[in-house]
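Note sheet for the following structure.
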Amino acid sequence: MSKSRAVPPLLSRIVAIGAAAAALLLPPALTGPASAAPAAPAGSGATTDPGYYLVTSTDRQPAVLAHMLERAGFDVLEGPLDHGVPVLADAAAVARLQHRGLSVQYTGPLYQPVPSSLVADPNTFYGGYHTTVGHEAHNRQVSTAHPDLAKLFTIGQSWLKTQGRGGHDIQALCITKIQQGDCELNNTGRKPKFTLMSQMHARELATGELSYRWIDHLINNYGTDSAVTALLNSTELWVIPIANPDGVDIVASNSTRPVAQRKNAHDNGCSGTGRGVDLNRNSGYHWDVNQGTKCTETYPGAGAASEPETQGIQNFLAKIYRDTKPAADFSAASTSTTGAFITVHSYSQLDIYPYGWTNKLAPNNNDLKAIADAMGRANHYDVVHGDGGLDYFAPGATDDWIYGQLGVPGYTIEVGPGSGSCGGFFPTYSCINSFWQLNLPAYLATARAAAAPYPTGH
Numbered sequence: 014m015s016k017s018r019a020v021p022p023l024l025s026r027i028v029a030i031g032a033a034a035a036a037l038l039l040p041p042a043l044t045g046p047a048s049a050a051p052a053a054p055a056g057s058g059a060t061t062d063p064g065y066y067l068v069t070s071t072d073r074q075p076a077v078l079a080h081m082l083e084r085a086g087f088d089v090l091e092g093p094l095d096h097g098v099p100v101l102a103d104a105a106a107v108a109r110l111q112h113r114g115l116s117v118q119y120t121g122p123l124y125q126p127v128p129s130s131l132v133a134d135p136n137t138f139y140g141g142y143h144t145t146v147g148h149e150a151h152n153r154q155v156s157t158a159h160p161d162l163a164k165l166f167t168i169g170q171s172w173l174k175t176q177g178r179g180g181h182d183i184q185a186l187c188i189t190k191i192q193q194g195d196c197e198l199n200n201t202g203r204k205p206k207f208t209l210m211s212q213m214h215a216r217e218l219a220t221g222e223l224s225y226r227w228i229d230h231l232i233n234n235y236g237t238d239s240a241v242t243a244l245l246n247s248t249e250l251w252v253i254p255i256a257n258p259d260g261v262d263i264v265a266s267n268s269t270r271p272v273a274q275r276k277n278a279h280d281n282g283c284s285g286t287g288r289g290v291d292l293n294r295n296s297g298y299h300w301d302v303n304q305g306t307k308c309t310e311t312y313p314g315a316g317a318a319s320e321p322e323t324q325g326i327q328n329f330l331a332k333i334y335r336d337t338k339p340a341a342d343f344s345a346a347s348t349s350t351t352g353a354f355i356t357v358h359s360y361s362q363l364d365i366y367p368y369g370w371t372n373k374l375a376p377n378n379n380d381l382k383a384i385a386d387a388m389g390r391a392n393h394y395d396v397v398h399g400d401g402g403l404d405y406f407a408p409g410a411t412d413d414w415i416y417g418q419l420g421v422p423g424y425t426i427e428v429g430p431g432s433g434s435c436g437g438f439f440p441t442y443s444c445i446n447s448f449w450q451l452n453l454p455a456y457l458a459t460a461r462a463a464a465a466p467y468p469t470g471h
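Okay, so the sequence shown: first residue is 14 according to this note's numbering, each after it adds one.
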């Protein structure tokens, strides 16, 4: 992605752990001296559990190597390429990499210890993270206890539910000081709208917890905190805590060793985490059939907006926001636009603004970047857009869709570092405290910008 600060090159997370075709697909030209992965720390389980690794080759630049690994079916991760290509791999995938003559360096475990003394709530897992059922119970509790401040909606269904095989409704909670005309599924209300969405990628655990805390912060501080009170009096704050509920069920099916499921649960003939569609490549805007094959982590689906989760989210957003942008990609949205949107992912400590499918500047670039810069000042993350200088883009993503289709400024926040106990997809639950302190002011800054996001029109 293009950089507004000194930002390491960035890749999107790519493909399934240990895809069966990886060894067959990896080009023979990928050569270099093999090296055994360093021994994992005692007790980490990284030799059997998936772990984080850096992959290098003597005759391929990291960006080229990353593309080749992605095409071969490996789970390439976001992160700097200064020292190699970061991947998530199990022992079998490491062996396949080494068989191709690549150097593989272990950098840390996927899982963090969960205290054996912990007595978890039945609606939580992995030290405190909430299951889909836990989020649903929380949404109901909030809307029932505070009818003057919150209203709960069903905006779509998960893939399994559409098949009559269990599954879930996709829920959205509207939080504001409710007056006549507020929190309706239309765009005629008097208040601007800010939407926070999380856990579109199921394995990105921290994201759902931040939405849970955002809900509680708004509800519990109305009438006592002047900033929260002013915000709820003036703005509708919509929250989609779990955008991929079937995927989260898969992740939470092992309470101490969560499953690294990224996609939804759409049956596609693939095993393990290869099952499903990447909802953040499935939108109706610049959908790209070449983003991945069925068993890869960025498989975009059989067509644009093919998934019920995508359809529900897009239909919902199109109802509550006015369309103020001409259809042409580089025609600017009107200065009369209101609203803002953040989709929260992990990890890499980034604030990402449109576009993500091209390095060309969006027509409202100055105003889009100004909001992203305000987010960056709040959470101290790097502000980026485009492909990171690696010729690698993210077509079909939700933040591009809401801007490209409706003109509403859309952002992605990538929460958390890439290493340490607070790093990766499965950070220790206590890390949510620090993530929350960093990102609360970023959420507030973006919500306040929803009233007039394009003051210059450029």
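From the three backbone atoms N, C-alpha and C, an ideal C-beta is built for every residue, glycine too.
Cβ atoms of residue j and residue i: under 8 angstroms apart, would you say?
i, j, result
"Ile263", "Val155", "no"
"Gly369", "Phe343", "no"
"Tyr334", "Leu363", "no"
"Gly325", "Pro313", "no"
"Thr371", "Ala265", "no"
"Leu101", "Leu115", "no"
"Thr248", "Thr356", "no"
"Asp400", "Phe354", "no"
"Ala464", "Thr351", "yes"
"Ser361", "Glu320", "no"
"Val68", "Leu110", "yes"
"Leu162", "Leu245", "yes"
"Thr469", "Asn379", "yes"
"Glu322", "Ser171", "yes"
"Pro315", "Gln327", "It should be pointed out that residue 315 corresponds to Ala in this sequence rather than to Pro. No. Outside cutoff."
"Leu231", "Leu250", "yes"
"Lys332", "Asn200", "yes"
"Arg226", "Trp414", "no"
Given a threshold of 16 other Cβ atoms within 10 Å of its Cβ, counted over all protein chains shown, does residue i qualify as buried or as exposed?
i, result
"Pro408", "buried"
"Pro63", "buried"
"Ala32", "Note that Ala32 has pLDDT 32, beneath the 50 cutoff, so the model's placement of it is unreliable and no number is given."
"Ala276", "The sequence shown places Lys at residue 276, rather than the Ala named in the question. Label assigned to Lys276: buried."
"Ala346", "buried"
"Arg216", "buried"
"Arg178", "exposed"
"Ala462", "buried"
"Pro339", "exposed"
"Ala460", "buried"
"Pro46", "Residue confidence for Pro46 is low, a pLDDT of 34 falling below 50, so the modelled location carries little weight; the figure read from the coordinates is stated next. Classification of Pro46: exposed, given that the 10 Å Cβ count is below 16."
"Gln184", "buried"
"His112", "exposed"
Among the options, which one has its Cα closest to the Cα of residue i?
i, options, result
"Gln495", "Ala458, Cys435, Ala219, Gly97", "Since the first residue shown for the chain is 14 and the last is 471, residue 495 is missing from the structure and cannot be characterised."
"Asn295", "Ala340, Met213, Thr337", "Met213"
"Phe87", "Asp95, Ala256, Gly287", "Gly287"
"Thr167", "Asn152, Arg226, Ile415", "Asn152"
"Pro122", "Tyr65, Ile183, Asn257", "Tyr65"
"Gly289", "Asp259, Trp251, Asn379, Asp72", "Asp259"
"Leu453", "Gly316, Glu222, Ser70", "Glu222"
"Tyr124", "His159, Pro135, Gly140, His112", "Gly140"
"Asn377", "Asp134, Asn392, Ala341", "Ala341"
"Pro367", "Lys206, Val397, Ala391, Asn392", "Val397"
"Leu381", "Gly436, Thr309, Tyr467", "Tyr467"
"Leu82", "Thr137, Pro99, Pro93", "Pro99"
Beta-carbon of residue i versus every beta-carbon of chain B: anything under 8 angstroms?
i, result
"Arg288", "Although the question refers to chain B, the structure presented lacks it and comprises just one protein chain."
Considering just the uninterrupted stretch of the beta strand (DSSP E) at residue i, what are its terminal residues?
i, result
"Lys204", "Premise fails: Lys204 is in no beta strand (DSSP E) and is neither H nor E."
"Ala353", "353 to 358"
"Phe329", "First-last for Phe329: 321 to 333, but that is the alpha helix (DSSP H), not the beta strand (DSSP E)."
"Leu250", "249 to 253"
"Thr425", "423 to 427"
"His398", "395 to 398"
"Pro93", "Taken as a continuous stretch (DSSP letters only), Pro93 belongs to no beta strand (DSSP E), as it is neither H nor E."
"Thr69", "64 to 69"
"Asp364", "363 to 365"
"Leu186", "182 to 188"
"Gly121", "116 to 122"
Between which two residues does the alpha helix (DSSP H) harbouring residue i extend?
i, result
"His112", "104 to 112"
"Thr371", "Neither: Thr371 is in no alpha helix (DSSP H) and is coded neither H nor E."
"Asp413", "411 to 414"
"Glu222", "218 to 234"
"Thr459", "445 to 462"
"Gln154", "145 to 158"
"Ala76", "75 to 85"
"Gly260", "258 to 264"
"Thr175", "172 to 175"
"Asp389", "One point to set straight first is that residue 389 is Gly, not Asp, in the sequence displayed. Here the alpha helix (DSSP H) through Gly389 covers 378 to 392."
Checklist entry - Counting Cβ pairs, one atom from each stretch, are 3 or more of them under 8 angstroms apart for the segment 184 to 193 and the segment 412 to 419? => result no
Next on the checklist: Contact between the segment 120 to 131 and the segment 445 to 458 is defined here as three or more beta-carbon pairs at a separation below 8 angstroms; is this criterion met?
Outcome noted: No, they do not touch.
Checklist entry - Counting Cβ pairs closer than 8 angstroms, one from the segment 375 to 387 and one from the segment 427 to 438, do we hit at least three? => result no
Checklist entry - If we count Cβ pairs, one from each stretch, closer than 8 angstroms, do we get three or more for the segment 278 to 293 versus the segment 233 to 247? => result Touching, no, given that fewer than three Cβ pairs across the two stretches are closer than 8 angstroms.
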